[in-house]
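Engineer:
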Amino acid sequence: MSISDQPFASPASAPEATGEWSSLGLLPEVQGAVDNMGFATPSSIQRIAIPQITSGGNMVVAAATGSGKTLAYLLPVINALKSQEQLSDATVRKPGRPRALVLVPTRELAAQVLGVTKQVAHTAKVSSCGIFGGEDYGKQKRELAACQDVVVGSPGRLLKHRDQGTLFLSQVTHVVIDEVDTMLTQGFGPDITALVKPLMRRQGEDAVQFVLVSATVTAALRRLLEAGEFPKVRMVETRDVHRALPNMKHAMVDCKGRDKLSVLLEVLAQHGGSGSSAAAQAAARTLIFCNTVASARAVDHALRDAGVAAAAYHGEVPSAQRAAALAAFRAGSPPRLVATDVAARGLDLPEVGHVIMFDFPLNPVDYLHRSGRTARMGARGRVTSLLAKRDRVLAAAIEAAVLAGRPLDALTARRTDYLPGGKLAAKSGSRGGGGGGSGSSARRTGSSDASARRPRSAAGGGGRGAAAGGGGGPRGKGVPRRRRRGGGGPGDDSTGVESSLMLVAF
Numbered sequence: 002m003s004i005s006d007q008p009f010a011s012p013a014s015a016p017e018a019t020g021e022w023s024s025l026g027l028l029p030e031v032q033g034a035v036d037n038m039g040f041a042t043p044s045s046i047q048r049i050a051i052p053q054i055t056s057g058g059n060m061v062v063a064a065a066t067g068s069g070k071t072l073a074y075l076l077p078v079i080n081a082l083k084s085q086e087q088l089s090d091a092t093v094r095k096p097g098r099p100r101a102l103v104l105v106p107t108r109e110l111a112a113q114v115l116g117v118t119k120q121v122a123h124t125a126k127v128s129s130c131g132i133f134g135g136e137d138y139g140k141q142k143r144e145l146a147a148c149q150d151v152v153v154g155s156p157g158r159l160l161k162h163r164d165q166g167t168l169f170l171s172q173v174t175h176v177v178i179d180e181v182d183t184m185l186t187q188g189f190g191p192d193i194t195a196l197v198k199p200l201m202r203r204q205g206e207d208a209v210q211f212v213l214v215s216a217t218v219t220a221a222l223r224r225l226l227e228a229g230e231f232p233k234v235r236m237v238e239t240r241d242v243h244r245a246l247p248n249m250k251h252a253m254v255d256c257k258g259r260d261k262l263s264v265l266l267e268v269l270a271q272h273g274g275s276g277s278s279a280a281a282q283a284a285a286r287t288l289i290f291c292n293t294v295a296s297a298r299a300v301d302h303a304l305r306d307a308g309v310a311a312a313a314y315h316g317e318v319p320s321a322q323r324a325a326a327l328a329a330f331r332a333g334s335p336p337r338l339v340a341t342d343v344a345a346r347g348l349d350l351p352e353v354g355h356v357i358m359f360d361f362p363l364n365p366v367d368y369l370h371r372s373g374r375t376a377r378m379g380a381r382g383r384v385t386s387l388l389a390k391r392d393r394v395l396a397a398a399i400e401a402a403v404l405a406g407r408p409l410d411a412l413t414a415r416r417t418d419y420l421p422g423g424k425l426a427a428k429s430g431s432r433g434g435g436g437g438g439s440g441s442s443a444r445r446t447g448s449s450d451a452s453a454r455r456p457r458s459a460a461g462g463g464g465r466g467a468a469a470g471g472g473g474g475p476r477g478k479g480v481p482r483r484r485r486r487g488g489g490g491p492g493d494d495s496t497g498v499e500s501s502l503m504l505v506a507f
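Per the numbering used here, the sequence shown starts with residue 2, numbered consecutively.
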């Protein structure tokens with residue numbers, strides 16, 4: 002396998018059939034909510050999932066990040082609550098007894114989902130509140146006592162209210178577990194079990210509907226489903242699950258022989274960094290991912306020393322400061338956020354046009370979640386990854402999968418998996434074919450031709466697929482030579498980020 006010296010993207014897929022909100026069976030007051038929110042037509046997962054959830058039964062909803070999953074589950078759940086009201090002669094609201102629970106892993110995601118819930122609830126005339134950490138406990142007690150229909154919360158805080166007698170689950174008819182893949186892998190399992198196990202015992206007309214929502218169907222989620230905890234569960238998923246979106250452009254920058262912080266500053270300067278106008282910086286909201294808190298701190302300090310404004314967002318930032326940093330980033334001041342994977346899941350940041358992976362993720366699922374912070378709901382986005390030597394195997398595998406439009410979730414960082422006889426040998430193809438034309442390039446793996454192991458000049462003609470011409474020996478040791486990009490004419494959207502990217506052949 003090899004890492005290219007050009008930006009790349011998934012092949013465009015055939016357009017999916019579209020539908021109208023009126024075809025999804027929503028009550029007028031619920032459909033009125035999406036009309037007020039300005040969504041002209043439902044997204045793919047909304048079009049598929051809403052009728053399925055409305056029909057009842059346990060569901061798994063899987064779709065790519067940024068595809069509209071929150072409304073895909075909120076609308077049918079609130080629609081069901083309104084239907085209950087219309088069919089009941091008695092009041093269905095009781096103090097401290099919500100009818101629907103939405104479980105989320107983090108305070109920030111809870112606040113985000115609550116915001117969407119309140120937008121729908123305002124028009125649909127249902128009540129809602131948020132119960133999660135970092136907020137005043139006494140205020141939450143008062144809100145629960147005020148007859149809430151929908152409660153959005155984190156498992157730990159909900160358990161605390163239940164155990165202290167301020168939250169009762171006897172009236173719950175719907176439970177949504179959002180970001181269930183994260184919940185299962187980050188230690189939320191015991192709290193979730195404590196909350197929902199009693200509800201799972203209900204049968205017949207008293208049965209609770211469970212909706213599990215995720216951007217990835219991980220091994221942990223599959224094990225949960227195979228264990229039979231949720232009987233007769235059905236799954237709806239879009240075809241983009243585990244795949245990179247075609248409206249997302251990727252670039253892999255090999256930092257061999259160079260300081261990664263210097264490369265980061267170069268990338269930022271070329272994409273709305275400190276050297277750009279204020280308007281360009283505001284438009285180019287950039288999210289920078291690091292693998293550890295220590296790395297995030299180092300990047301944050303380096304950016305500040307270089308005069309590049311950025312906010313920090315990781316587990317050691319107090320929750321109130323973290324919320325303030327996120328709000329400031331959303332507003333564009335500063336237009337850069339340095340974060341760990343605490344920001345990689347669930348957060349809807351439609352302003353983000355560029356994701357930079359300062360530290361390359363250790364697995365493909367994290368790559369999907371991080372990259373999913375941009376190119377949301379059909380917008381265009383860019384993902385730039387800075388590579389160390391240890392990252393090259395997984396990076397090359399991700400590139401090959403993205404170019405082929407294949408799922409990424411099964412990829413590994415083990416070189417032997419891609420060798421003949423390895424479990425992923427069939428997935429180790431690079432950009433195939435020779436000749437020119439956009440989207441193709443000469444195969445380089447194992448080539449002894451020196452020109453096949455040198456970065457190609459964009460000025461040599463033949464488009465992205467043209468092989469490098471001319472002489473020159475193999476690349477020497479030490480600091481790699483930097484490739485000079487040719488000038489881009491009309492239609493060339495390259496901006497020079499790849500000037501530091503060096504080809505790596507295995």
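Just so it is clear, CB atoms sit at the ideal spot from N, CA and C, and this is done for glycine as well.
Which residues in the same chain have their Cβ closer than 7 angstroms to the Cβ of Leu200, if we skip the five residues on either side of it in sequence?
Structural biologist: Residue mapping note: residue 200 aligns to position 199 of the sequence shown, counting from 1. Excluding sequence neighbours, Leu200 sits near Leu170, Val173, Val176 and Val209.
Engineer: Start and end of the beta strand (DSSP E) containing Gly131?
Structural biologist: In the sequence shown, counting from the first residue as 1, residue 131 sits at position 130. From DSSP, the beta strand (DSSP E) with Gly131 extends over Ser129 to Ile132.
Engineer: Could you tell me if Gly139 is buried or exposed, where buried requires 16 or more neighbouring beta carbons within 10 angstroms of its beta carbon?
Structural biologist: On the sequence shown, residue 139 is found 138 positions in, with the first residue counted as 1. Under this definition Gly139 is an exposed residue.
Engineer: Drop a sphere of 10 angstroms on the beta-carbon of Glu227, count the other beta-carbons inside from all chains shown, and report buried for 16 or more, exposed for fewer.
Structural biologist: Position 226 of the sequence shown holds residue 227. The residue in question, Glu227, is exposed, as its Cβ has fewer than 16 Cβ neighbours within 10 Å.
Engineer: Work out the CA separation of Lys390 and Gly447 for me, nearest whole Å.
Structural biologist: Along the sequence shown, read from residue 1 onward, the residue named residue 447 stands at position 446. Along the sequence shown, read from residue 1 onward, the residue named residue 390 stands at position 389. Residue placement at Gly447 cannot be trusted, given a pLDDT of 33 that sits under 50; what the coordinates show is reported in the next sentence. Using only the alpha carbons, I get a separation of about 18 angstroms.
Engineer: Please state whether the Cβ-Cβ distance between Phe361 and Leu338 is less than 8 angstroms.
Structural biologist: Locating residue 361 in the sequence shown gives position 360, where the first residue counts as 1. Locating residue 338 in the sequence shown gives position 337, where the first residue counts as 1. Cβ distance not < 8 angstroms, so Phe361 and Leu338 don't count as in contact.
Engineer: Count the other C-beta atoms from every protein chain shown that fall within 10 angstroms of the C-beta of Thr92, then say buried if there are 16 or more, exposed otherwise.
Structural biologist: For the purposes of this step, residue 92 is identified with residue 91 of the sequence shown, where counting begins at 1. Label assigned to Thr92: exposed.
Engineer: Only counting runs of 4 or more residues, tell me where the alpha helix (DSSP H) segments fall wholly within the stretch 329-390, in order along the chain.
Structural biologist: 365-372
Engineer: Whose C-alpha, out of His123, Ala285 and Gln322, is nearest the C-alpha of Leu269?
Structural biologist: Reading the sequence shown from its first residue, position 268 is the one you call residue 269. Nearest C-alpha to Leu269: Ala285.
Engineer: Going by beta carbon distance, what residues of the same chain come within less than 6 angstroms of Glu317, once the five residues before and after it are set aside?
Structural biologist: Taking the first residue of the sequence shown as position 1, residue 317 is located at position 316. Val294, listed in sequence order.
Engineer: Please classify Leu225 as buried or exposed, where buried requires at least 16 neighbouring CB atoms within 10 angstroms.
Structural biologist: As a working note, residue 225 is residue 224 in the sequence shown. So Leu225 counts as buried.
Engineer: I think Leu288 touches Arg383, with their Cβ atoms under 8 angstroms apart; what is that distance to the nearest whole Å?
Structural biologist: In the sequence shown, the residue the question calls residue 288 occupies position 287. In the sequence shown, the residue the question calls residue 383 occupies position 382. The Cβ separation is near 11 angstroms, so there is no contact.
Engineer: Mind checking whether the beta-carbon of Arg94 lies closer than 7 angstroms to any heavy atom of the ligand PLP?
Structural biologist: Summarising the ligand content, the structure contains no ligands, and the ligand PLP is consequently not present.
Engineer: Looking at C-beta atoms only, is the number of pairs between the stretch 58-75 and the stretch 228-244 that lie closer than 8 angstroms three or more?
Structural biologist: Touching, yes.
Engineer: If you measure between the beta carbons of Arg371 and Phe290, is that distance less than 8 angstroms?
Structural biologist: Position 370 of the sequence shown holds residue 371. Position 289 of the sequence shown holds residue 290. Yes, the Cβ-Cβ distance between Arg371 and Phe290 is below 8 angstroms.
Engineer: With 16 other CB atoms within 10 Å as the buried threshold, where does Leu115 fall?
Structural biologist: Counted from its first residue, the sequence shown places residue 115 at position 114. Leu115 comes out buried.
Engineer: Which residue wins for smallest C-alpha separation from Arg98, given the options Thr42, Ala147 and Thr341?
Structural biologist: Here residue 98 refers to the residue found at position 97 of the sequence shown. With distances taken between Cα atoms, Arg98 lies closest to Ala147.
Engineer: State buried or exposed for Ala325, treating a residue as buried only when at least 16 other CB atoms are found within 10 Å of its CB.
Structural biologist: By 1-based counting over the sequence shown, the position of residue 325 is 324. Looking at its Cβ environment, which holds fewer than 16 other Cβ atoms inside 10 Å, Ala325 is exposed.
Engineer: Can you give me the start and stop residues for the alpha helix (DSSP H) that Gly157 sits inside?
Structural biologist: In the sequence shown, the residue the question calls residue 157 occupies position 156. It spans Pro156 to Asp164 - the alpha helix (DSSP H) in which Gly157 sits, taken as one unbroken run.
Engineer: Would you mind sorting Glu21 into buried or exposed? The rule is 16 or more other CB atoms within 10 Å of its CB.
Structural biologist: Here residue 21 refers to the residue found at position 20 when the sequence shown is read from its first residue. With fewer than 16 Cβ atoms within 10 Å of its Cβ, Glu21 is classed as exposed.
Engineer: With H, G and I counted as helix, E and B as strand and the rest as coil, what does DSSP make of Arg305?
Structural biologist: The residue given as residue 305 occupies position 304 in the sequence shown. Correct three-state label for Arg305: helix.
Engineer: Take the Cβ of Leu27 as the centre, count every other Cβ of all protein chains shown within 10 Å, and call the residue buried at 16 or more, exposed below.
Structural biologist: Walking along the sequence shown from the start, residue 27 turns up at place 26. With 16 or more Cβ atoms within 10 Å of its Cβ, Leu27 is classed as buried.
Engineer: Using three-state DSSP, classify Ala313 as helix, strand or coil.
Structural biologist: Walking along the sequence shown from the start, residue 313 turns up at place 312. When DSSP states are grouped into helix, strand and coil, Ala313 belongs to the strand group.
Engineer: State buried or exposed for Glu206, treating a residue as buried only when at least 16 other CB atoms are found within 10 Å of its CB.
Structural biologist: Residue numbering aside, residue 206 sits at position 205 when the sequence shown is read from its first letter. Glu206 is exposed by the Cβ-count criterion.
Engineer: First and last residue of the beta strand (DSSP E) that includes His175?
Structural biologist: In the sequence shown, counting from the first residue as 1, residue 175 sits at position 174. Run containing His175: His175 to Ile178, per the beta strand (DSSP E) assignment.
Engineer: Using CA coordinates, which residue listed in Val353, Lys95, Ser129 and Met378 is at the minimum distance from Thr385?
Structural biologist: In the sequence shown, residue 385 corresponds to position 384, counting from 1. Residue Val353 is the option with its Cα nearest to Thr385.
Engineer: List the endpoints of the continuous beta strand (DSSP E) containing Arg286.
Structural biologist: As a first step, residue 286 is located in the sequence shown; it is residue number 285 there, counting from the start. Unbroken beta strand (DSSP E) run through Arg286: Arg286 to Phe290.
Engineer: By DSSP's criteria, Ala112 is part of a beta bridge. Which residues make up the other side?
Structural biologist: For this step, residue 112 is matched to residue 111 along the sequence shown. None, per the DSSP bridge assignment.
Engineer: Since Phe211 sits in a beta bridge, which residues does DSSP pair it with?
Structural biologist: As a first step, residue 211 is located in the sequence shown; it is residue number 210 there, counting from the start. In DSSP, Phe211 forms a bridge with Val176.
Engineer: Got a sec, what are the start and stop residues for the beta strand (DSSP E) Val254 sits in?
Structural biologist: Reading the sequence shown from its first residue, position 253 is the one you call residue 254. For Val254, the enclosing beta strand (DSSP E) begins and ends at Met249 to Asp255.
Engineer: From the DSSP output, in three-state form, read off Leu104 for me.
Structural biologist: On the sequence shown, residue 104 is found 103 positions in, with the first residue counted as 1. In the structure shown, Leu104 sits in a strand (DSSP, three-state: E or B).
Engineer: Would you call His123 buried or exposed, if buried means 16 or more other Cβ atoms sit within 10 Å of its Cβ?
Structural biologist: The residue labelled residue 123 in the question sits at position 122 within the sequence shown. Exposed, since its Cβ has fewer than 16 Cβ neighbours within 10 Å.
Engineer: When the Cα of Leu369 is compared with those of Ile399, Ala111 and Arg223, which residue comes out closest?
Structural biologist: Along the sequence shown, read from residue 1 onward, the residue named residue 369 stands at position 368. Here the closest residue by C-alpha is Ile399.
Engineer: Does the Cβ of Arg323 have 16 or more other Cβ atoms within 10 Å, making it buried, or fewer, making it exposed?
Structural biologist: Residue numbering aside, residue 323 sits at position 322 when the sequence shown is read from its first letter. By the 10 Å Cβ count, Arg323 comes out buried.
Engineer: Residues bridged to Phe9 by DSSP?
Structural biologist: Within the sequence shown, the letter at position 8 stands for residue 9. Phe9 pairs with His251.
Engineer: Between which two residues does the alpha helix (DSSP H) holding Ala73 run?
Structural biologist: Stepping through the sequence shown from its first residue, residue 73 is reached at position 72. Start and end: Lys70 to Leu88.
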